[in-house]
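Here the structure is laid out as structure tokens; the discussion comes afterwards.
There are 2 protein chains.
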Amino acid sequence: MVEGRVLRMSLRHALIGLLRESPASGYDLMHVFNSSLAKVWPATKSQVYTELAKLADAGLLVVTAEGPRGRKEYAPTEAGLAELRRWMLDAGNEAPTRSESLLRVFMLGALTRDQARDYLHLIQRRSAEDLAAMTAFGEHVDWDREDMGDLRIYGRMVLEFATRLAELSRDWSEWAAQQIPPTDS
Amino acid sequence: MVEGRVLRMSLRHALIGLLRESPASGYDLMHVFNSSLAKVWPATKSQVYTELAKLADAGLLVVTAEGPRGRKEYAPTEAGLAELRRWMLDAGNEAPTRSESLLRVFMLGALTRDQARDYLHLIQRRSAEDLAAMTAFGEHVDWDREDMGDLRIYGRMVLEFATRLAELSRDWSEWAAQQIPPTDS
DNA sequence: ACCCTACCTTCCACCACTGACAGGTTGCCT
DNA sequence: AGGCAACCTGTCAGTGGTGGAAGGTAGGGT
């Protein structure tokens, strides 16, 4: 029950949110961060275990079960759920986003035009691959499983966004490559 | 002329890239980070001044002029430009992107359905505003100014991407809001 | 002459995040 | 019985990024 200014720290809320569905260990959670959340909010082992300990210490999580090999399962407390809801409704301050790809586009002038075109084609190829992977994933998932809870709805939304984004990226990079005059500088 | 492992640090390359166009001071550069680069790669004063000093110390930048009030103008050295090109061509490792908005969507199950719908409508409204702002900005900029250099091409590409992304976000959030069943849970 | 604003830089404490190191246990397969 | 892969948890030094405090200077307007 430690008090203190809670700043934006989305990992914290991601953890509480995931545990809301069902209790899990740090090990379990890492699988989520390495798969479905990898492109949305990547996190490392160190971060997850550290944060779980902090959250338990702060009374936002509790250990609900201890298994073999020191396994500890966590679940959110009422205080944890309250903090999650507070964060969800506090849509005013979003974390600043950073796009290394777009930054590179901004700096393309440092390369020859041929190299710049190559870079845009690389993005195009990658986007097409991502798109294919996500389409396959979407068909592979059994969206009607009972234990998915609200992710049946919201997980699908995120996937749809990611899919549209990949399409956008593919089309844009194709367009952008054509914007570069053919003569090399 | 300090040696050492150069890890991914995009701010460093953003600075060299900007100085490639023309020499500038930390103060000048901050204006760029507060305007055109704000949505691509935000940075604070502290970061910019600290990094400029480090880069000069490492021999990637040099002070080309000292003005009033301690103003120092920097320009990239050959080593700096080489490092920039190296980074540009090293498209293998992109920094992991984080989207707080998408994370929130993932966690919408923590709210009532009415609240979730409200959140998506908020995104929709914001995207529409962003779109309007960028359209206005695009018409306001004089893309034919001579001193813009390659940004005449590449800056426009980034703006186009941002515009399409805002459209995507607007349309997606409208669609997503409709996916939530009307009955409140 | 005065003041105020914009100009311009620097330092620091703190938090988020990374990558690597470290170490122990269970269950299954042969 | 032996071995090995998967399971499972932690710690630590170092870096990137944040927010804010601090402080000084030039120029323009009244």
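Protein sequence lines correspond, in order, to chains A and B. For what it's worth, full-length UniProt numbering labels the leading residue of the first sequence as 1, then goes sequentially. For what it's worth, full-length UniProt numbering labels the leading residue of the second sequence as 1, then goes sequentially. Ideal Cβ positions, reconstructed from N, Cα and C, are used throughout, including at glycine. None of these values were measured; they are calculated from a predicted model.
### Task
Tell me, to the nearest whole angstrom, how far the beta carbon of Pro-76 (chain B) is from that of Arg-12 (chain B); I am working on the premise that it is less than 8 Å.
Numbered from its first residue, the second sequence carries residue 76 (chain B) at position 76. Numbered from its first residue, the second sequence carries residue 12 (chain B) at position 12. Pro-76 (chain B) to Arg-12 (chain B), Cβ: 11 Å. No contact.
### Query
Between which two residues does the beta strand (DSSP E) containing Lys-72 (chain B) stretch?
Walking along the second sequence from the start, residue 72 (chain B) turns up at place 72. Lys-72 (chain B) -> beta strand (DSSP E) spans 72-76.
### Task
Could you confirm whether any beta carbon from chain A is found closer than 8 Å to the beta carbon of Gly-4 (chain B)?
As a first step, residue 4 (chain B) is located in the second sequence; it is residue number 4 there, counting from the start. Residue placement at Gly-4 (chain B) cannot be trusted, given a pLDDT of 48 that sits under 50; what the coordinates show is reported in the next sentence. So, not an interface residue.
### Message
By the DSSP assignment, the alpha helix (DSSP H) with Thr-163 (chain A) in it spans what residues?
### Response
Along the first sequence, one-based indexing puts residue 163 (chain A) at 163. Residues 151-179.
### Neighbouring residues, chain B, relative to Arg-170 (chain A) (Cβ below 9 Å)
The residue labelled residue 170 (chain A) in the question sits at position 170 within the first sequence. At a beta-carbon threshold of 9 Å, none of the residues of chain B lie near Arg-170 (chain A); the nearest stands roughly 11 Å away.
### Query
CB Ala-128 (chain A) to CB Met-157 (chain B), shorter than 8 Å?
Residue mapping note: residue 128 (chain A) aligns to position 128 of the first sequence, counting from 1. Residue mapping note: residue 157 (chain B) aligns to position 157 of the second sequence, counting from 1. Not in contact: Ala-128 (chain A) and Met-157 (chain B) (Cβ atoms no closer than 8 Å).
### Message
For Thr-183 (chain A) and Ala-56 (chain B), what's the separation of their Cα atoms in angstroms?
### Response
What you label residue 183 (chain A) is simply residue 183 of the first sequence in a count that begins at 1. What you label residue 56 (chain B) is simply residue 56 of the second sequence in a count that begins at 1. Distance between the alpha carbons of Thr-183 (chain A) and Ala-56 (chain B) is about 35 Å.
#### Entry: Cβ neighbours of Trp-41 (chain B) in the same chain (closer than 8 Å, five flanking residues each side left out)
Stepping through the second sequence from its first residue, residue 41 (chain B) is reached at position 41. For Trp-41 (chain B), where only same-chain residues beyond five positions count, the Cβ hits under 8 Å are Ser-10, Leu-11, Ala-14, Phe-33.
### Query
What's the call for Val-105 (chain A), buried or exposed, on a 16-neighbour Cβ count within 10 Å?
Residue mapping note: residue 105 (chain A) aligns to position 105 of the first sequence, counting from 1. Flag for Val-105 (chain A) reads buried.
### Task
Answer yes or no: does any C-beta atom of chain A fall closer than 8 Å to that of Tyr-74 (chain B)?
If you number the second sequence from 1, residue 74 (chain B) lands on position 74. Output row for Tyr-74 (chain B): interface = no.
#### Entry: Span separating the alpha-carbon of Thr-44 (chain B) from that of Met-30 (chain B)
As a first step, residue 44 (chain B) is located in the second sequence; it is residue number 44 there, counting from the start. As a first step, residue 30 (chain B) is located in the second sequence; it is residue number 30 there, counting from the start. About 8 Å.
### Query
CB-CB under 6 Å to Ile-123 (chain B), same chain, minus the five flanking residues each way: which ones, in chain order?
Along the second sequence, read from residue 1 onward, the residue named residue 123 (chain B) stands at position 123. Around Ile-123 (chain B): Ser-173.
### Query
On the three-state DSSP scale, how would you describe Ala-133 (chain B)?
By 1-based counting over the second sequence, the position of residue 133 (chain B) is 133. Correct three-state label for Ala-133 (chain B): helix.
#### Entry: Within 8 Å, strictly: CB atoms of Arg-113 (chain A) and Ile-180 (chain A)
In the first sequence, the residue the question calls residue 113 (chain A) occupies position 113. In the first sequence, the residue the question calls residue 180 (chain A) occupies position 180. Yes, these two residues count as a Cβ contact at 8 Å.
### Message
Within a Cβ cutoff of 7 Å, which residues of the same chain sit near Met-134 (chain A), ignoring the five residues on either side of it in sequence?
### Response
Here the question's residue 134 (chain A) lines up with position 134 in the first sequence. Closer than 7 Å at Cβ, skipping near neighbours: Leu-159, Ala-162, Thr-163, Ala-166.
### Query
When you compare only the Cα positions, how much space is there between Val-62 (chain A) and Leu-102 (chain B)?
In the first sequence, the residue the question calls residue 62 (chain A) occupies position 62. In the second sequence, the residue the question calls residue 102 (chain B) occupies position 102. One C-alpha to the other measures close to 26 Å.
#### Entry: Residues of the segment 121-152 of chain A with Cβ closer than 8 Å to any Cβ of chain B, in chain order
So the close ones are Leu-122, Gly-149, Asp-150, Leu-151.
### Message
Any C-beta of chain B within less than 9 Å: which residues of the UniProt domain "Transcription regulator PadR N-terminal" (16-85) of chain A qualify?
### Response
When C-beta distances to chain B are compared with 9 Å, the residues of the UniProt domain "Transcription regulator PadR N-terminal" (16-85) of chain A below that value are Ile-16, Gly-17, Leu-18, Arg-20, Glu-21, Ser-36, Leu-37, Ala-38, Lys-39, Val-40, Trp-41, Pro-42, Leu-81, Leu-84, Arg-85, in chain order.
### Query
DSSP state of Glu-94 (chain A), grouped into three classes?
Taking the first residue of the first sequence as 1, we reach residue 94 (chain A) at position 94. Coil, per DSSP.
### Query
Would a C-beta distance cut-off of 8 Å place Val-48 (chain A) and Gly-26 (chain A) closer than the cut-off?
Working through the first sequence from its first residue, we reach residue 48 (chain A) at position 48. Working through the first sequence from its first residue, we reach residue 26 (chain A) at position 26. Yes, the Cβ-Cβ distance between Val-48 (chain A) and Gly-26 (chain A) is below 8 Å.
### Given Asp-118 (chain B) as reference, the closest of A:Leu-108, A:Val-141, A:Ala-116, A:Asp-90 once Cα atoms are compared
Taking the first residue of the second sequence as 1, we reach residue 118 (chain B) at position 118. For Asp-118 (chain B), the nearest C-alpha among the options comes from A:Asp-90.
### Query
If you compare alpha carbons, which of A:Glu-73, A:Leu-108, A:Glu-66, A:Ala-65 is closest to Leu-81 (chain B)?
Against the second sequence, residue 81 (chain B) aligns to sequence position 81. Ranking the options by Cα distance to Leu-81 (chain B), first place goes to A:Leu-108.
### Exposure label - Glu-139 (chain A); buried when at least 16 CB within 10 Å
Looking up residue 139 (chain A) in the first sequence gives position 139. Glu-139 (chain A) should be labelled exposed.
### Query
If you drop the 5 nearest sequence neighbours on each side, which residues of the same chain put their C-beta closer than 7 Å to that of Lys-39 (chain A)?
Residue numbering aside, residue 39 (chain A) sits at position 39 when the first sequence is read from its first letter. Once the five neighbours on either side are set aside, the close Cβ partners of Lys-39 (chain A) are Ala-162.
### Query
Along the chain, which unbroken stretches of the alpha helix (DSSP H) at least 4 residues long are found entirely within the segment 9-60 of chain A?
10-21, 26-34, 45-57
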